[in-house]
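2 protein chains.
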Amino acid sequence: MKRYRNGEIWDFEREMPVSRDGSDVILGLDGGATSTVCVCLPVMPCSEQLPDPLPVLARAVAGCSNHNSVGESAARETLEQVMAEALSKAGSNRFAVRAVCLAVSGVNHPIDQQHILNWLRDVFPSHVKLFVHNDAVAALASGTMGNLHGCVLIAGTGTISYGFTEDGREARAAGAGPILGDLGSGYGIAAQALTAVIRAYDGRGKESMLTSMILDTLGLSSPDELIGWTYADPSWARIAALVPVVVSCAEAGDQVANKILLDSVDELAASVKAVVRRLELCGKDGKGSFPLVMVGGVLEANKSWDIGKEVINCILKDYPGAHPIRPKVEPAVGAALLAWNFFMKESEDGHR
Amino acid sequence: MKRYRNGEIWDFEREMPVSRDGSDVILGLDGGATSTVCVCLPVMPCSEQLPDPLPVLARAVAGCSNHNSVGESAARETLEQVMAEALSKAGSNRFAVRAVCLAVSGVNHPIDQQHILNWLRDVFPSHVKLFVHNDAVAALASGTMGNLHGCVLIAGTGTISYGFTEDGREARAAGAGPILGDLGSGYGIAAQALTAVIRAYDGRGKESMLTSMILDTLGLSSPDELIGWTYADPSWARIAALVPVVVSCAEAGDQVANKILLDSVDELAASVKAVVRRLELCGKDGKGSFPLVMVGGVLEANKSWDIGKEVINCILKDYPGAHPIRPKVEPAVGAALLAWNFFMKESEDGHR
């Protein structure tokens, strides 16, 4: 363990007392495309019921920590900094940490996982339990309160389905980014709406309400200005921010917008079904029960046209045992509960 | 006219004799996504037949000059430099120039055109005729030898259809970039193939030959490595380079690859049809004759699965008067011929 790596990140520990007995902590991190959240939880005694509300000791927020987007060293620095800030705010330090669960977008392959574990091992004392996952795993755990079982569907700017069986097998679908066809994502929905505007303008597609609604929203006067607008800033989140406009058009009866949302529902449901099928989450007979955690702006922020509800209905037709859950805690807390569960399980195993 | 703008770009003129009588020249520029070409042609006498081969005095090549990609000042510097180099190689200078046609990708709106004309006016003496167009216009002119009539379909990394009537009306379709749905482009074809690999891998789509063929081509061992590969370098040309792999799979009978190519043919033909319909290029009865210029790697580089031929067949079904042309000169020469045509027409009008 390197005590004072990366400039002053861990300097605060010099002025801290070393770990006091009974103040052991757990760190949970959720690193998404736009921000990274770290929460610090106490090591709670094992009981049937988790305290409500959970005794979150500290919470820290930083920028993007996806190594695909910002590069490996920037991602690492962000992750280390946000952990140091959470520990410092909690009046704790690395010697008090028992387990860390780092759930970061961009972890798509065992190699990504190993890269992160390699440097994370240097940051903490050797007895600390370390877990590295895709950020979807934190979202799943936020719905199941740390239990790694079921399927999560995330549909925000991007989309992914991720599932775990109770015996530890895992599978994912989608989540490969818009180049690789995440059509049900917020970006996908908005890009299809922008495409519909261009197609109507140049004579390839049907006229729709999307044209006036999107141009008004963006303050543009003609569809050909959309080309410059999309080039000006290729951020996916900026494009995905148009989803509410598409939903409004569909709610007002626009057929083109309605078709885009129906296609997205099919895409999102298909990614969940692929995971459920591969993991047999519904048992051999297809009727078994499993948690289906639903997360992200696309699944939440609708009124009469409710994308989330339509996705659930589409999944229930094939898998009636799916049990939809809208998480009450944030993904970083899910990650912390995951770390806590692992830690308690290993402690129990150790005592036997 | 500023004589020595932008450092030393025009310094070579100091050591040149001023324009000699009878050595008037024309400049034609084609600025695409990857490179910019400038050719210098002599002002030829007006005759029924153009000399073959054309007496190209000089040719210069530079990088990307799309202001959307590289920014306005870098685009301008590239354009000015490539013109200076062509003139210098031709042993000529700006005082000998009679007309310039600048056809650059990224000119999607009259505002883009005006921006370029504003600084171009400063570069040349005030009597020089200046024309600014989208680069598709140069491609059209390369097929019609400078005659601005008909429709061009470009399908390389990107795709666009652009048409002109004999009385000067114009229309375009597609060409808005991949975010805005240019599905028939090389990028679009390859991105759909990559998506098919991911969908087969995660259980959402059918297995196909594309998986092994694409992984082999890229030297990857598993489809989940494609995520890192696409993120590593978002260049559209890098992705579009996979088109020959998709064509090979379709030629070997793969159904998924075949479907991607068939969809692309429909998309490409639809963009031409939209332009032809809007401009009534085929006359009121739909049977009139018009030039259909076909340009770009997607339309050229096929063997038994010939995308270009399929697109032509699809267009001929609706518009039997379409007259397909594969250009024999490059787009920059088309731009120069366009400038020459304009110049000769204006000279004739002036003499009357």
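Here the protein sequences come in this chain order: A and B. Note that UniProt numbering gives residue 215 to position 215 of the first sequence, counting from 1, and the numbers run on in steps of one. Note that UniProt numbering gives residue 63 to position 63 of the second sequence, counting from 1, and the numbers run on in steps of one. We put the CB at the ideal spot given by N, CA and C, even for glycine.
For A/Y187, the three-state DSSP class (helix, strand or coil): For the purposes of this step, residue 187 of chain A is taken as residue 187 along the first sequence, with counting starting at 1. Note: A/Y187 maps to helix in three-state DSSP.
Residues that A/L261 contacts on chain B, provided the C-beta gap is smaller than 8 Å: As a position in the first sequence, residue 261 of chain A is number 261, starting the count at 1. Result: empty, since nearest Cβ-Cβ is about 17 Å, beyond 8 Å.
B/R59 vs B/V37 beta-carbon contact at 8 Å: The residue you call residue 59 of chain B lines up with position 59 of the second sequence. The residue you call residue 37 of chain B lines up with position 37 of the second sequence. Yes; because the gap between Cβ atoms is below 8 Å, this pair is in contact.
Chain A contact for B/D135 (CB, 8 Å cutoff): Position 135 of the second sequence, counted from the start, is the residue given in the question as residue 135 of chain B. No, B/D135 does not count as interfacial toward chain A.
Any chain A beta carbon closer than 8 Å to B/G181: Here residue 181 of chain B corresponds to residue number 181 of the second sequence, with the count starting at 1. At least one chain A Cβ lies under 8 Å of B/G181.
Bridge-paired residues (DSSP) for A/H323: Numbered from its first residue, the first sequence carries residue 323 of chain A at position 323. Per DSSP, A/P291.
Start and end residues, alpha helix (DSSP H) containing A/V128: Sequence index remark: in the first sequence, residue 128 of chain A carries index 128 (1-based). Run containing A/V128: none; DSSP gives neither H nor E here.
Cutoff 6 Å; reference A/V311; Cβ partners in own chain excluding five residues on either side: Taking the first residue of the first sequence as position 1, residue 311 of chain A is located at position 311. Closer than 6 Å at the Cβ level, and outside the excluded window around A/V311, lie V265, L268 and A269.
Coarse secondary structure for B/I198, derived from DSSP in three states: For the purposes of this step, residue 198 of chain B is taken as residue 198 along the second sequence, with counting starting at 1. Correct three-state label for B/I198: helix.
Contacting positions in the segment 227–245 of chain A - beta carbon closer than 9 Å to chain B: I227, G228, T230, Y231, A232, P234 and I239
A/P42 versus A/Q113, A/A200, A/A136 and A/V56, residue with shortest Cα-Cα distance: The residue you call residue 42 of chain A lines up with position 42 of the first sequence. The shortest C-alpha separation from A/P42 is found at A/V56.
Buried or exposed (CB count within 10 angstroms, at least 16 for buried), B/E348: Taking the first residue of the second sequence as position 1, residue 348 of chain B is located at position 348. When all chains shown are included, B/E348 counts as exposed.
Against chain B: residues of the segment 142–165 of chain A by CB proximity under 9 Å: S161
Inter-residue Cα distance where the pair is A/A232 and A/L218: For the purposes of this step, residue 232 of chain A is taken as residue 232 along the first sequence, with counting starting at 1. For the purposes of this step, residue 218 of chain A is taken as residue 218 along the first sequence, with counting starting at 1. Rounded to the nearest angstrom, the two C-alpha atoms are 13 Å apart.
In chain order, each alpha helix (DSSP H) run of at least 4 residues that lies wholly inside the segment 207–286 of chain A: 210–218, 225–232, 236–240, 243–251 and 255–279
Among B/Y201, B/H109 and B/Q113, the one whose alpha carbon lies nearest that of B/L102: As a working note, residue 102 of chain B is residue 102 in the second sequence. That would be B/Q113, whose Cα lies nearest to the Cα of B/L102.
Pairwise C-alpha distance: B/N134 and B/V39: Sequence index remark: in the second sequence, residue 39 of chain B carries index 39 (1-based). Sequence index remark: in the second sequence, residue 134 of chain B carries index 134 (1-based). Approximately 17 Å, taken between the alpha carbons.
Within-8 Å CB hit, B/E225 to chain A: Counting from 1 along the second sequence, the entry for residue 225 of chain B is found at position 225. Yes, contact with chain A.
Closer than 7 Å: B/Q255 CB and nearest the ligand NAD heavy atom: Only the bare structure without any ligand can be found here, which leaves the ligand NAD out of the picture.
B/G28 and B/A336 closer than 8 Å at C-beta: Counted from its first residue, the second sequence places residue 28 of chain B at position 28. Counted from its first residue, the second sequence places residue 336 of chain B at position 336. Yes; because the gap between Cβ atoms is below 8 Å, this pair is in contact.
A/R121, DSSP secondary structure in three states: The count along the first sequence starts at 1 and reaches residue 121 of chain A at position 121. Here A/R121 sits in helix by DSSP.
CA nearest to the CA of B/L226, picked from B/I198, B/G106, B/S235 and B/K309: Against the second sequence, residue 226 of chain B aligns to sequence position 226. Nearest C-alpha to B/L226: B/I198.
Proximity of A/I189 and A/V298 at Cβ, strictly below 8 Å: For the purposes of this step, residue 189 of chain A is identified with residue 189 of the first sequence, where counting begins at 1. For the purposes of this step, residue 298 of chain A is identified with residue 298 of the first sequence, where counting begins at 1. Going by C-beta atoms, A/I189 is nearer than 8 Å to A/V298.
Cutoff 8 Å: B/W10 Cβ touching any chain A Cβ: Against the second sequence, residue 10 of chain B aligns to sequence position 10. It does not; no Cβ of chain A falls within 8 Å.
Delimiting residues of the beta strand (DSSP E) encompassing A/E170: As a working mapping, residue 170 of chain A is identified with position 170 in the first sequence. Segment E170 to A174, the beta strand (DSSP E) holding A/E170.
Beta-carbon proximity list for B/P51, same chain, < 8 Å, skipping 5 on both sides: Looking up residue 51 of chain B in the second sequence gives position 51. Once the five neighbours on either side are set aside, the close Cβ partners of B/P51 are M44.
Interface residues of the segment 284–318 of chain A facing chain B [CB-CB below 8 Å]: none
Nearest-angstrom Cβ-Cβ length linking B/A250 and B/L292, presumed shorter than 8 Å: The residue labelled residue 250 of chain B in the question sits at position 250 within the second sequence. The residue labelled residue 292 of chain B in the question sits at position 292 within the second sequence. About 24 Å; that fails the 8 Å criterion.
Close-in-space but distant-in-sequence residues of the same chain around B/K129 (CB under 8 Å, 5 per side omitted): Position 129 of the second sequence, counted from the start, is the residue given in the question as residue 129 of chain B. Closer than 8 Å at the Cβ level, and outside the excluded window around B/K129, lie R98, A99, V100, A339, F342, F343 and E346.
Buried/exposed call for A/L194, threshold 16 Cβ in 10 Å: Translated into the one-based positions of the first sequence, residue 194 of chain A becomes position 194. Buried, because 16 or more other Cβ atoms sit within 10 Å of the Cβ of A/L194.
CA nearest to the CA of A/H149, picked from A/R326, A/S289 and A/G296: Within the first sequence, numbered from 1, the residue matching residue 149 of chain A stands at position 149. Considering only alpha carbons, the answer is A/S289.
Residues that B/S271 contacts on chain A, provided the C-beta gap is smaller than 7 Å: Mapped onto the second sequence, residue 271 of chain B falls at position 271. R204, listed in chain order.
Burial state of B/R3 (16 or more Cβ within 10 Å): Translated into the one-based positions of the second sequence, residue 3 of chain B becomes position 3. With a pLDDT of only 49 at B/R3, under 50, the local geometry of the prediction cannot be trusted, and the value read off the model is given with reservation. Per the 10 Å Cβ criterion, exposed.
Chain-order list of residues whose beta-carbon lies under 6 Å from that of B/F164 (same chain, five-residue window excluded): Position 164 of the second sequence, counted from the first residue, corresponds to residue 164 of chain B. Only L148, H149 and E170 meet the Cβ criterion.
As assigned by DSSP and simplified to three states, the class of B/S142: Here residue 142 of chain B refers to the residue found at position 142 when the second sequence is read from its first residue. Here B/S142 sits in helix by DSSP.
Between the CA atoms of B/C64 and B/V152 - distance to the nearest angstrom: For the purposes of this step, residue 152 of chain B is identified with residue 152 of the second sequence, where counting begins at 1. For the purposes of this step, residue 64 of chain B is identified with residue 64 of the second sequence, where counting begins at 1. Rounded to the nearest angstrom, the two C-alpha atoms are 22 Å apart.
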